[in-house]
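Engineer:
Numbering (the working numbering), first residue to last: 849 to 1276.
1) Measure how close the beta-carbons of residue 896 and residue 949 come, nearest whole angstrom, since I'm counting them as under 8 angstroms.
2) Let's test the definition: count the other Cβ atoms within 10 Å of the Cβ of residue 935 and tell me whether it reaches 16, buried, or not, exposed.
3) Quick check on DSSP: helix, strand or coil for residue 984?
4) Within the chosen definition, does the region 981-1000 reach the region 1056-1075 through at least 3 CB pairs nearer than 8 angstroms?
5) CB residue 1195 to CB residue 1039, shorter than 8 angstroms?
6) Enumerate, from N- to C-terminal direction, the unbroken beta strand (DSSP E) stretches of 3 or more residues contained entirely within the region 929-959.
7) For the alpha helix (DSSP H) containing residue 796, name the first residue and the last one.
8) Classify residue 882 as buried or exposed, calling it buried when 16 or more other Cβ atoms lie within 10 Å of its own Cβ.
9) Pull up the CB-CB distance for residue 1036 and residue 1050, whole angstroms please, since I reckon it's below 8 angstroms.
10) May I ask which residues mark the beginning and end of the beta strand (DSSP E) holding residue 1115?
11) Which residues mark the beginning and the end of the alpha helix (DSSP H) in which residue 1263 is found?
12) Can you check the region 971-1027 for any beta strand (DSSP E) of at least 3 residues that lies completely inside it and give the ranges in chain order?
13) Could you have a look at residue 1094 and say whether DSSP puts it in helix, strand or coil?
14) Have a look at residue 1203 and residue 1005 and give me their C-alpha separation to the nearest angstrom.
15) Label residue 940 either buried or exposed according to how many other C-beta atoms from any shown protein chain fall within 10 Å of its C-beta, with 16 as the threshold for buried.
16) Determine contact between the region 911-929 and the region 883-903, defined as no fewer than three beta-carbon pairs at a distance below 8 angstroms.
17) Along the beta strand (DSSP E) that carries residue 882, what are the first and last residues, could you check?
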């Protein structure tokens, strides 16, 4: 029984930290029912998609997309576990009538040979509403922290400078002191970041150009953060114009804004697509009319890497020009002031509030930006978070650069302006 609850605990953590966005590209189940890790000879893990109380049945869909009919009887026991709990004593008795669509379930019993049904001896439930409450509380903690790109690392003081850019174009920099009490995690390479998959890390793993998310409390002046937890990853921002959309393959072809070379963008089930609204720049000052017009190119930031030069330039390292405040003895460009306490909305924050769309809503000619993870083929990228219709925003940024003595739009540094773009997926 202890082993059962260990499996349930792992399942509840997975359910509690998974992110499913309406409108994201949907793929058919790529894992055959017989090879689905959510199904074994004696149990099924998944989410409830349909309930037929009169027939004593639950339809459960696994993470891989398999659907299993769970049959219950008077001999079936029902228990409810709080999200993330591993202590069996915290489980409470429940019933079929208290289960709701969307709840996570662990159904124990002898699964049929075709793996499409199971007469359940025991059902352990994790409430979707409780998961939502817990995740909302966790996101609130992270929202008070810092999100952006590492622009400087100071090994002697164990400090990290993180930069981001507000919707008004103002550069923001915060210094984080990394003590032994800070919990550090890092996303593995070639992955769409999921919090549950982040691995234990250490200060030495943090590099200039990394994307960083930290939760904790800022000092009154907003220039420093006392961190409780830090999550980092090596990602980058890429921009381009869509040349073709293949909904069958869940792929789009783009012409890279910088190189003009073709790139294939793969959209997974966890990829999120949004669209920037027409007239969007007017919401925050229009083409260079707002405050902070000096926020120009070359800032070191984004859901990926920093680097001087054109959109899509990623991970250039310490030599790139970033807006971050310099930590003692560290290498980084001068800042334009800290974010006020309580935080001004960053460009990435703003984009993450846009409504999601589906892959079918993308059109040839759309200008997109996206945070990406790159595999073995540099011409084939996996999208983490994509925003279409971004041309008006790029034009606004270019106008601000020209007013500040910068160059034309081809030099707009996407990595600088859109730091932290994958945060909606990467955190609880």
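C-beta atoms are modelled at their ideal positions from N, C-alpha and C, and glycine is treated no differently.
Structural biologist: On the basis of the data shown:
1) Yes, residue 896 and residue 949 are in contact; Cβ-Cβ is about 5 angstroms, under 8 angstroms.
2) Counting Cβ neighbours within 10 Å, residue 935 comes out exposed, since fewer than 16 surround it.
3) The answer is helix: DSSP assigns residue 984 an H, G or I state.
4) For the pair of segments examined, the region 981-1000 was found to touch the region 1056-1075: the number of CB pairs separated by less than 8 angstroms reaches three.
5) For residue 1195 and residue 1039, no; Cβs fall outside 8 angstroms.
6) The region 929-959 contains these whole beta strand (DSSP E) runs: 952-956.
7) Residue 796 cannot be examined here, being either before or after the span of the chain that is shown, 849 to 1276.
8) Burial call: exposed.
9) Not a contact, Cβ separation roughly 15 angstroms.
10) Unbroken beta strand (DSSP E) run through residue 1115: 1110-1123.
11) For residue 1263, the enclosing alpha helix (DSSP H) begins and ends at 1262-1265.
12) Segments of the beta strand (DSSP E) lying fully in the region 971-1027: 994-1002, 1007-1013, 1019-1025.
13) Looking at residue 1094 - three-state DSSP - the assignment turns out to be strand.
14) When rounded, the distance between both Cα atoms is 41 angstroms.
15) Label assigned to residue 940: exposed.
16) Result yes; three or more Cβ-Cβ pairs closer than 8 angstroms.
17) Run containing residue 882: none; DSSP gives neither H nor E here.
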